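Heads up: the protein sequence lines correspond to chains P and W, in order.
Per numbering that gives the first Met the number 0, the very first residue in the first sequence carries number 0; after that it's consecutive.
Per numbering that gives the first Met the number 0, the very first residue in the second sequence carries number 0; after that it's consecutive.
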Amino acid sequence: MSAVRNIMMAIAMGAVAIPSTSAFAQDAAEPAPATAPPTSTTVTTQDVQDDANDPFEGPNRFFFEVNQVLDEILLRPVAVVYRSIVPDFARDGVRNFMNNLNSPVIFANDLFQGEGDRAGTTLIRFGVNSTIGIGGLIDVAKDIGHPYHDEDFGQTLAVWGVGEGPYFYFPLMGPSNARDFTGFVVDRGLDPLTYVNWGDDELEYVPIARTVLNVIDLRSRNIETLDDIERSSVDYYASIRSLYRQSRADSIRNGAPSDDLPDFDSGGGITAPSPISPNLSAQ
Amino acid sequence: MDSFVLLGRRAFLAVLVVAASWMSVAPANAGQDAEAFAQRLIDQGVGILRNTSDPARRAKFRDFITQYADARKTALFTLGNYRRGANDADIEAFVTAFTAYATAVYESRLDQYKGQTLKVVGSIDNKANDVTVNMIVVDPNATNPLRVAFRLLGGNNNYRFVDIQVEGIWLSIDQREQFAAFLSKNNGSIPRLTAHLQTQAQQIMAGVQR
Numbered sequence: 000m001s002a003v004r005n006i007m008m009a010i011a012m013g014a015v016a017i018p019s020t021s022a023f024a025q026d027a028a029e030p031a032p033a034t035a036p037p038t039s040t041t042v043t044t045q046d047v048q049d050d051a052n053d054p055f056e057g058p059n060r061f062f063f064e065v066n067q068v069l070d071e072i073l074l075r076p077v078a079v080v081y082r083s084i085v086p087d088f089a090r091d092g093v094r095n096f097m098n099n100l101n102s103p104v105i106f107a108n109d110l111f112q113g114e115g116d117r118a119g120t121t122l123i124r125f126g127v128n129s130t131i132g133i134g135g136l137i138d139v140a141k142d143i144g145h146p147y148h149d150e151d152f153g154q155t156l157a158v159w160g161v162g163e164g165p166y167f168y169f170p171l172m173g174p175s176n177a178r179d180f181t182g183f184v185v186d187r188g189l190d191p192l193t194y195v196n197w198g199d200d201e202l203e204y205v206p207i208a209r210t211v212l213n214v215i216d217l218r219s220r221n222i223e224t225l226d227d228i229e230r231s232s233v234d235y236y237a238s239i240r241s242l243y244r245q246s247r248a249d250s251i252r253n254g255a256p257s258d259d260l261p262d263f264d265s266g267g268g269i270t271a272p273s274p275i276s277p278n279l280s281a282q
Numbered sequence: 000m001d002s003f004v005l006l007g008r009r010a011f012l013a014v015l016v017v018a019a020s021w022m023s024v025a026p027a028n029a030g031q032d033a034e035a036f037a038q039r040l041i042d043q044g045v046g047i048l049r050n051t052s053d054p055a056r057r058a059k060f061r062d063f064i065t066q067y068a069d070a071r072k073t074a075l076f077t078l079g080n081y082r083r084g085a086n087d088a089d090i091e092a093f094v095t096a097f098t099a100y101a102t103a104v105y106e107s108r109l110d111q112y113k114g115q116t117l118k119v120v121g122s123i124d125n126k127a128n129d130v131t132v133n134m135i136v137v138d139p140n141a142t143n144p145l146r147v148a149f150r151l152l153g154g155n156n157n158y159r160f161v162d163i164q165v166e167g168i169w170l171s172i173d174q175r176e177q178f179a180a181f182l183s184k185n186n187g188s189i190p191r192l193t194a195h196l197q198t199q200a201q202q203i204m205a206g207v208q209r
């Protein structure tokens, strides 16, 4: 799983910290510059929300702050401890195991998107890593030319031409949109582990433990990266939203270059094509 | 007469062949130039950051960015529609503050790669004098290599970079969306954004390990 994808997954699990330099907190303390603010621009808050595809920005920002509090008091500290006491090889084993468990979902979505070669890669990876790789703990397949790739039903919907729908920031779950949330629900249905009857009381916590371990591991891999993004952000919420939308667009294209490049000659405009558009999905 | 026409046709075809071959070669050469430039750029930039014992490291990196980045173009792009109607003095002050901010961000980002190797893996000619050079971060322990790209404008081995992409995410788009959010909450005040960027640049630099 790519580093940024890790970040997005971590963010998606509420793994973001409270910005120490919140743009809005600072605004309150920062006196207005001596020169009067220009009012001649015709750009409105509504324009910005429309461009960011964020009609529910108010509630979204509220849940973002809630998740940041949870991250600061719980998830980040746990991730720091986890990284400090668990050796690298063991954490890599956890990550490989988690990736391998998700193979059936990836395989199904490879097929839904008509990606035969990638479906074959996923199948080989699952077979090799589940056996020679000791239940997925070791990524043997990568070393024999079958690297990991991710797919989900949100991406599949995009490839089928479905638009992203409005942006949401959910409590605990983090950034999403109507299309990706639908994909998330469908992927749970595609996951064979959803239908396993874990039986007695001790095993019934396996699905929860899987989710918790997955979140902690992902967060532990992005401590400095998220700290850096937070530190350099003018508006952390807007940055996370942009990173999410751009990252998803990149995943939908399977990393292929986008035609929608920033236009530096004209000075740019905030009404440039959305970073996620259905026509990109065919690339 | 026929032989003259035939000769003329042959000459015309020869010109076409030469032109076609030149056209097919020219972009490749442009790409190769840009790739070589990007490799030198990254080697030099990371090289400055690696030399942590050099007290002039930060000043050298600032000079490096001034020389090779077209921060003005990037700054104007990140303002988006808010640029309309703004007065020249505000724009100039913003460009200056953005340059300091962008230098801090570039240093902060590149600082993460100072222990690793970035290798050029190809390039795309977006249009004339506009090339995206693709690189990967060589890390044998990574599940997949990290993808990094530089957007270069210019030509004839004289490029300046305007944007950096990591794993499909363009920094300039991220910044533009952040600035738009900030400005929408601050009555479109570019001076207020300028003041905020000045403070932010100092905070970023304070967070980067020397």
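Cβ atoms here follow ideal geometry from the backbone N, Cα and C, with glycine treated the same way.
Every value quoted in this text rests on a predicted model; they were computed, and no experiment measured them.
Query: Closer than 9 angstroms to chain P by CB, PHE36/W; Result: no
Query: Beta-carbon spacing of PHE181/W, ALA237/P below 9 angstroms; Result: yes
Query: Chain W contact for ALA89/P (CB, 9 angstroms cutoff); Result: no
Query: Three or more C-beta pairs below 8 angstroms linking the segment 171 to 179 of chain P and the segment 173 to 188 of chain W; Result: no
Query: Within 9 angstroms of chain W by C-beta, residues of the segment 121 to 152 of chain P in sequence order; Result: ASP138, LYS141, PRO146, TYR147 and HIS148
Query: At least three beta-carbon pairs within less than 8 angstroms, the segment 90 to 107 of chain P to the segment 184 to 194 of chain P; Result: yes
Query: Sufficient close CB pairs (3 or more, under 8 angstroms) joining the segment 65 to 85 of chain P to the segment 122 to 134 of chain P; Result: no
Query: Bridge partner(s) assigned by DSSP for ALA148/W; Result: ASN133/W and GLN164/W
Query: Interface residues of the segment 95 to 112 of chain W facing chain P [CB-CB below 8 angstroms]; Result: ALA103, VAL104, SER107, ARG108 and GLN111
Query: Contact set for GLN197/W: own chain, Cβ-Cβ below 8 angstroms, skip 5 residues either direction; Result: ALA96, ALA99 and TYR100
Query: Limits of the unbroken alpha helix (DSSP H) element including ILE90/W; Result: 87 to 110
Query: Residue nearest to VAL158/P in terms of C-alpha spacing, selected from ASN253/P, MET172/P, ASN59/P and ARG244/P; Result: ASN253/P
Query: Contact check, GLN164/W vs ALA148/W, beta carbons under 9 angstroms; Result: yes
Query: LEU117/W in three-state terms, based on DSSP; Result: strand
Query: N-terminal and C-terminal residue of the beta strand (DSSP E) that PRO174/P is part of; Result: 173 to 176
Query: Distance between ILE47/W and ASN156/W (C-alpha atoms, nearest Å); Result: 22 angstroms
Query: Exposure of LEU171/P, with buried meaning 16 or more beta-carbon neighbours within 10 Å; Result: exposed
Query: As assigned by DSSP and simplified to three states, the class of PHE180/P; Result: helix
Query: Alpha-carbon to alpha-carbon, ASP138/W and SER257/P; Result: 25 angstroms
Query: Under 8 angstroms (Cβ pairs) to chain P, residues found in the segment 112 to 125 of chain W; Result: ILE123 and ASN125
Query: Residue(s) in a DSSP beta bridge with TRP169/W; Result: GLN164/W
Query: Residues that DSSP places opposite ALA68/W in a beta bridge; Result: PHE160/W
Query: ASN125/W, DSSP secondary structure in three states; Result: strand
Query: Residues near ASN128/W by beta carbon distance below 7 angstroms, same chain, minus five either side; Result: LEU152, GLY153 and GLY154
Query: Contacts of SER232/P in chain W (Cβ-Cβ under 7 angstroms); Result: GLN177
Query: Within 9 angstroms, strictly: CB atoms of ASN98/P and GLY135/P; Result: yes
Query: Residue-level contact to chain P via CB, GLU91/W, 9 angstroms cutoff; Result: no
Query: Local conformation of TYR204/P per DSSP, three classes; Result: helix
Query: Rounded straight-line distance, which links the Cα of VAL130/W to that of PRO191/P; Result: 45 angstroms
Query: Member of GLY182/P, PRO54/P, ASN66/P and ASP70/P whose CA lies at the smallest distance from the CA of PHE169/P; Result: ASN66/P
Query: Helix, strand or coil at GLY92/P according to DSSP, with G and I counted as helix; Result: helix
Query: Nearest neighbour of ASP42/W, chosen from LYS113/W, PHE93/W, GLY167/W and LYS126/W [CA to CA]; Result: LYS113/W
Query: Chain P within 9 angstroms of VAL161/W, Cβ atoms only; Result: yes
Query: SER231/P vs ALA103/W beta-carbon contact at 9 angstroms; Result: yes
Query: Rounded C-alpha distance that separates TYR158/W from GLN66/W; Result: 10 angstroms
Query: Beta carbon proximity, GLU163/P to chain W, threshold 9 angstroms; Result: no
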